[in-house]
Every structure is written in structure tokens, then in C-alpha cells.
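Asks:
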Amino acid sequence: MAPYNIHRIQQDHISRLYFDYRMKKILLAFAFIASIGFVMAQSESTENKWSYKFHGFVNPVLYGDTRQVVAGREGMMLFYPSPVKMDASGQNNLNDLPSLNMLAITARVNLSVSGPDVLGAHLRGFIEGDFTGPTNETINTLRLRHAYINMDWEKHSLLMGQYWYPMVIHEIMPMTQPLNMGAPFHPYARYNQFRYTYRLGKWEAVAVAAFQLDNKSQGPLGASTQYIKTGMVPEFNAQVRYKGEKIFAGAAANFMSIKPRNVDIYGNKADTRYNSSSFSLFGKYSIGQVTIKAQTILSDNLYEGCTMGGYIECMDTFSVAGSCSYSYKPFTWTTAWVDFSRNTGKWRPALFLGYGVNNNFGDSYDVTDTPYGRGFDMQSLWRVQPRVSFFAGHGLSFMFDVEVTNAQYGKKVTDSPTSYHFEADAKNDPTNVRLILGAQYDF
Numbered sequence: 403m404a405p406y407n408i409h410r411i412q413q414d415h416i417s418r419l420y421f422d423y424r425m426k427k428i429l430l431a432f433a434f435i436a437s438i439g440f441v442m443a444q445s446e447s448t449e450n451k452w453s454y455k456f457h458g459f460v461n462p463v464l465y466g467d468t469r470q471v472v473a474g475r476e477g478m479m480l481f482y483p484s485p486v487k488m489d490a491s492g493q494n495n496l497n498d499l500p501s502l503n504m505l506a507i508t509a510r511v512n513l514s515v516s517g518p519d520v521l522g523a524h525l526r527g528f529i530e531g532d533f534t535g536p537t538n539e540t541i542n543t544l545r546l547r548h549a550y551i552n553m554d555w556e557k558h559s560l561l562m563g564q565y566w567y568p569m570v571i572h573e574i575m576p577m578t579q580p581l582n583m584g585a586p587f588h589p590y591a592r593y594n595q596f597r598y599t600y601r602l603g604k605w606e607a608v609a610v611a612a613f614q615l616d617n618k619s620q621g622p623l624g625a626s627t628q629y630i631k632t633g634m635v636p637e638f639n640a641q642v643r644y645k646g647e648k649i650f651a652g653a654a655a656n657f658m659s660i661k662p663r664n665v666d667i668y669g670n671k672a673d674t675r676y677n678s679s680s681f682s683l684f685g686k687y688s689i690g691q692v693t694i695k696a697q698t699i700l701s702d703n704l705y706e707g708c709t710m711g712g713y714i715e716c717m718d719t720f721s722v723a724g725s726c727s728y729s730y731k732p733f734t735w736t737t738a739w740v741d742f743s744r745n746t747g748k749w750r751p752a753l754f755l756g757y758g759v760n761n762n763f764g765d766s767y768d769v770t771d772t773p774y775g776r777g778f779d780m781q782s783l784w785r786v787q788p789r790v791s792f793f794a795g796h797g798l799s800f801m802f803d804v805e806v807t808n809a810q811y812g813k814k815v816t817d818s819p820t821s822y823h824f825e826a827d828a829k830n831d832p833t834n835v836r837l838i839l840g841a842q843y844d845f
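Pasting the structure below:
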């Protein structure tokens, strides 16, 4: 009997230890909750109260394409259709291949915290994440969308942290499905930044110094933050905005300075910069139940903003000593879009129209020139996207979009053994039709 009793005693001891462990976890959890409640209760008694707001949504989306597309995040963020790619027989276009997918990666949670005034400013902190991941390889993992502190005085404010890319005007963002929000006609990105806003009546002046992270410039190393970091100059943006009762309008100018190379192909130091400037006009007008939003952008190297355009690296001189020099020139795009939407009622139809043109299409290039960006070999791009949303109530809504996007690719024509240009190609004019069905539950 002794061995049996010893075994039983050991089991009882282990059970008590396990019970004690679980009780400690439960007590710690209750203590944590109680401490939060105590802090919040205490804050209620202060003159400037703390407040906590937790929000988010779940947003499953089903989408199908009639052909292959240039896109990100498992094809969810569509830019434009892939070019015609004939097989070995020359009879079949390999990119005429439909696809179907469903994702819920845009599910989102956020927390907003407001506390007592500091330095005379109303203080607010905001943090938000979703599950799209920072890269395609990390899709379905938690990604930081926004994380910032905002200090708001009577006439001015200072935002510090991760927030919308300065060329993204969130007040006029088209609410298209599922993820691109009008890109590549409307920018879509978030940057770490210092954003200063000065308000004078209905007018605002905005100045931003921004730094890249998830959205990176293109260059010899691929997409990387290295080009702007070693350039030692943040991306600068300035805006003037008017906010009326029915009208919101403004203009923005953007400046970026990067160093595409620190070393040339021979291993010698390279210091040449590429400085680019982009400009935007934007506005919103509300009349009755209808809201009209619009924007036009002259984009020079705004690849990292999920828009069109980029730059060309030119290898200028060679030396018998084994060195070379570089210069840079732009290929700019002009894009414009308009969005009409009904903003009240259970049924809310809307229409997005976008158009873009490559301003340097047809220019001559050396065979040693290297393009970096988006849309270098394309003449123009357009999109028509009607949609309708049904708001069922209590935070539940359903959306249906039809997204028709056409890309007019160019045909490469050789001018000489050392140069070439692009011409219009009627055989490389693909159109993709995407059908989108989504649901969203806000909380």
C-alpha cells in the first residue's frame, strides 16, 4: 500500500500546485481589471477627465478577376491588369487567366485615449492595427496602421507618429472596396511624421516632415528605405486647405530627396541625389444627399505612395580607372479621379472614375538607362468602378463593387543600337473586370 499512498500524495500535491497557479492567474487578471477600473474611476474625479474609446470592424471580402493583375496583398490591392504575355505558340495570352479569392485581413481594431491637458494642449493618443501584414510574405499578421500623439491648441496642432502619407487627403478618400481606396489614382500609404497644422478661421496651413517604413522607394536595391535614410532628408509636404460648411478644397506640394546609390558598379563611392517634386489639387462638395470628391496629382517618383511615376537612372560616363557617374531624370504621371456617392439612407450608390497618363511616353532612352517606379512602359490608365452599399443597421453593412480597369501598354521600338522609345500598342491594351462582394460589422 505504501507505493500507492506515495503516488496519491504526489498527485494531490501536483493538483494543489496547479490549482494555486490557476488561482494566481485569475487573481492577477482580476487585479489588472480592477486597477484599470480604479484608474478610470479616479480620472473621472479630475477636472480634465481621461477617456478611452475602443473601435474596429470585421470586413470579409470576396473578389474575382477576369484576368491576371498587378496587385499586392494576395491580389486584394489592385493597381492595373498585367500586360499581354503570349505563350510559345503565339496563340494564347498567359495572363488571360481568371482568379477568385476571399480574405478578411482588413479586420481592424483601434484605441483612442484622451487625457488631461498638457502644455496648454488637449492631448490625444491613437493606435490602430489590421491583419494585412507589412509585406506580402507576412500577410494575415498584425500590422501597425496608425500610432500617433496629437497635441491640439486653439489655433494649431502637432501630430507625431505614424499617420496618413501627406499626399493622402483622408477627408476626400474614396470609399471603394476592398483595399486600394482609389489607388493608384489616389495615394494610399502611411508614414512616420511630424505634422504641424495652423488654423485661421476656415483656412488651414499644414507642414509635414515624413519618414518611410512599410511603403518604400524603388531603386537599385529594390524597394528600400535606404535611399531616403542615407539622403538624410525627410520627405517634405506643404498644404493649404479651406474647410467650409459644404466645401472642402486645397492644394499640396511634395518634395523628396533620395540617394539611389552610395556605391557605383565598380565599388567606388557614389553621391548623386535625385530630387523630385509633386503637386496636387483636391476638393469635396456636399449637396443634399450627394457628396462629390475629386483630386488631380502630378506625380514625380511617388511609387512609395502606391501611385504612378518614378525616375530613370542614367549611367553617364565610364573611366579607364574603373569608375562611372550617374544622373537621374523623372518619368512623371498626371492622374485625376472623381467620386460621386450618396451619403445617407440604407441604400448608398456611388461611382468612382479615374484616369492617368504617362507624361514622358514616347521619350527616347539609352539602353543603359534603368527605370524605377510604376508605369514606365505604359501610355495611360483608366478605371470605372460603380458600387452600392446597404446599411442594414446596428453596424452591419454589405457592399458590392464592379471595378473595370484598363491599362494601355506601349511597344518598345529600337531607334539605334544604343537607344529606344515606346509607341502605342493596340495589341497590348488589357482590361480587367473585378467583382467584389463584401460585408462589414463595425463596433
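Following this note's numbering, the numbering of the sequence shown begins with 403 at its first residue and continues without gaps.
Every residue, glycine too, gets a C-beta built ideally from N, C-alpha and C.
Going straight from the alpha carbon of HIS823 to that of ALA651, what length do you get?
Replies: Position 421 of the sequence shown, counted from the start, is the residue given in the question as residue 823. Position 249 of the sequence shown, counted from the start, is the residue given in the question as residue 651. Near 38 Å, if we compare the C-alpha coordinates of ALA651 and HIS823.
Asks: Where does the unbroken beta strand (DSSP E) through TYR629 begin, and where does it stop?
Replies: As a position in the sequence shown, residue 629 is number 227, starting the count at 1. Unbroken run through TYR629 is the alpha helix (DSSP H), 628-631; no beta strand (DSSP E).
Asks: Between PHE528, SER501 and GLY466, which has its C-alpha nearest LYS455's C-alpha?
Replies: Position 53 of the sequence shown holds residue 455. Out of PHE528, SER501 and GLY466, PHE528 has the C-alpha closest to the C-alpha of LYS455.
Asks: With DSSP as the reference, label GLY603 as helix, strand or coil.
Replies: Position 201 of the sequence shown holds residue 603. Note: GLY603 maps to coil in three-state DSSP.
Asks: Taking contact to mean 3 or more Cβ pairs, one atom from each stretch, closer than 8 Å, check whether the stretch 705-716 and the stretch 581-592 are in contact.
Replies: Yes: the two stretches touch, three or more of their Cβ pairs being nearer than 8 Å.
Asks: Round the Cβ separation of ILE838 and TYR482 to the nearest angstrom and send it over; I've been treating them as touching at under 8 Å.
Replies: In the sequence shown, counting from the first residue as 1, residue 838 sits at position 436. In the sequence shown, counting from the first residue as 1, residue 482 sits at position 80. Not quite, the Cβ-Cβ distance comes to about 16 Å (not below 8 Å), so this is no contact.
Asks: To which residues does DSSP link PHE456 through a beta bridge?
Replies: The count along the sequence shown starts at 1 and reaches residue 456 at position 54. BP columns for PHE456 point to LEU513.
Asks: Buried or exposed for ASP702, please, with buried defined as at least 16 other CB atoms from any protein chain shown within 10 angstroms of its CB.
Replies: As a working mapping, residue 702 is identified with position 300 in the sequence shown. Buried, by the Cβ-count rule.
Asks: Quick check: the Cα distance between TYR567 and SER725, rounded to an integer number of angstroms?
Replies: Counted from its first residue, the sequence shown places residue 567 at position 165. Counted from its first residue, the sequence shown places residue 725 at position 323. Looking at the two C-alpha atoms, the distance is approximately 38 Å.
Asks: Less than 8 Å between the C-beta atoms of ILE574 and MET562, yes or no?
Replies: Locating residue 574 in the sequence shown gives position 172, where the first residue counts as 1. Locating residue 562 in the sequence shown gives position 160, where the first residue counts as 1. Not closer than 8 Å, so no.
Asks: If you compare alpha carbons, which of LYS671, THR698 and ILE649 is closest to LEU683?
Replies: Start at 1 with the first residue of the sequence shown, and residue 683 comes out as number 281. Among LYS671, THR698 and ILE649, the Cα nearest to that of LEU683 is on THR698.
Asks: Between which two residues does the beta strand (DSSP E) containing LEU546 stretch?
Replies: Indexing the sequence shown from 1 puts residue 546 at position 144. Taken as a continuous stretch (DSSP letters only), the beta strand (DSSP E) holding LEU546 covers 545-554.
Asks: Just to confirm before moving on: does the CB-CB distance between LYS661 and THR627 stay below 8 Å?
Replies: Sequence index remark: in the sequence shown, residue 661 carries index 259 (1-based). Sequence index remark: in the sequence shown, residue 627 carries index 225 (1-based). In this structure, THR627 does not lie closer than 8 Å to LYS661 by Cβ.
Asks: Using only the alpha-carbon positions, how far apart do LEU615 and ARG663 sit?
Replies: Numbered from its first residue, the sequence shown carries residue 615 at position 213. Numbered from its first residue, the sequence shown carries residue 663 at position 261. So the two alpha carbons sit approximately 19 Å from each other.
Asks: Going by alpha carbons, who is nearest to ALA612 out of VAL635, ASN512, ARG601 and ALA625?
Replies: In the sequence shown, counting from the first residue as 1, residue 612 sits at position 210. Comparing Cα positions, the closest option is VAL635.
Asks: Taking DSSP as the reference, what is the three-state secondary structure of ASN656?
Replies: On the sequence shown, residue 656 is found 254 positions in, with the first residue counted as 1. Strand.
Asks: Return helix, strand or coil for ILE574, following the three-state DSSP convention.
Replies: Counting from one through the sequence shown, the residue named residue 574 turns up at place 172. Here ILE574 sits in helix by DSSP.
Asks: Could you spell out where the beta strand (DSSP E) holding HIS796 opens and where it closes?
Replies: On the sequence shown, position 394 is the one that residue 796 refers to. First-last for HIS796: undefined, no H or E at that position.
Asks: Enumerated in chain order, which unbroken segments of the beta strand (DSSP E) with a length of 3 residues or greater are wholly contained in the stretch 798-836?
Replies: Taking only runs of at least 3 residues, the beta strand (DSSP E) segments lying wholly in the stretch 798-836 are 798-818 and 821-826.
Asks: Under 8 Å Cβ to Cβ from GLY477, same chain only, skipping five residues before and after it: list those, please.
Replies: Start at 1 with the first residue of the sequence shown, and residue 477 comes out as number 75. So the list reads TYR465, ASP467, VAL471, SER501 and ASN503, once near-sequence residues are dropped.
Asks: Please report the residue range of the beta strand (DSSP E) in which ASN761 lies.
Replies: The residue labelled residue 761 in the question sits at position 359 within the sequence shown. First-last for ASN761: undefined, no H or E at that position.
Asks: Between the beta-carbon of LEU700 and the beta-carbon of THR736, is there less than 8 Å?
Replies: The residue you call residue 700 lines up with position 298 of the sequence shown. The residue you call residue 736 lines up with position 334 of the sequence shown. Result yes, Cβ atoms of LEU700 and THR736 sit closer than 8 Å.
Asks: Check each candidate in PRO732, ILE649 and TYR565 and name the one with the smallest Cα separation from ALA696.
Replies: The count along the sequence shown starts at 1 and reaches residue 696 at position 294. Considering only alpha carbons, the answer is ILE649.
Asks: Which residues in the same chain have their Cβ closer than 6 Å to the Cβ of VAL460, if we skip the five residues on either side of it in sequence?
Replies: As a working mapping, residue 460 is identified with position 58 in the sequence shown. The residues are ALA509 and TYR843.
Asks: If you run the structure through DSSP and keep just helix, strand and coil, what is THR534?
Replies: If you number the sequence shown from 1, residue 534 lands on position 132. Reduced to three states, the DSSP call for THR534 is coil.
Asks: Pair every Cβ in the stretch 773-786 with every Cβ in the stretch 799-814, then say whether three or more of these pairs are closer than 8 Å.
Replies: With the cut-off at 8 Å, the stretch 773-786 and the stretch 799-814 touch.
Asks: Who does HIS524 pair with in a DSSP beta bridge?
Replies: Position 122 of the sequence shown holds residue 524. DSSP output for HIS524 lists ASP554 as bridge partner(s).
Asks: Do you know whose CA, among PHE681, ALA654, GLN691 and PRO622, lies nearest ILE667's CA?
Replies: Here residue 667 refers to the residue found at position 265 when the sequence shown is read from its first residue. Among PHE681, ALA654, GLN691 and PRO622, the Cα nearest to that of ILE667 belongs to PRO622.
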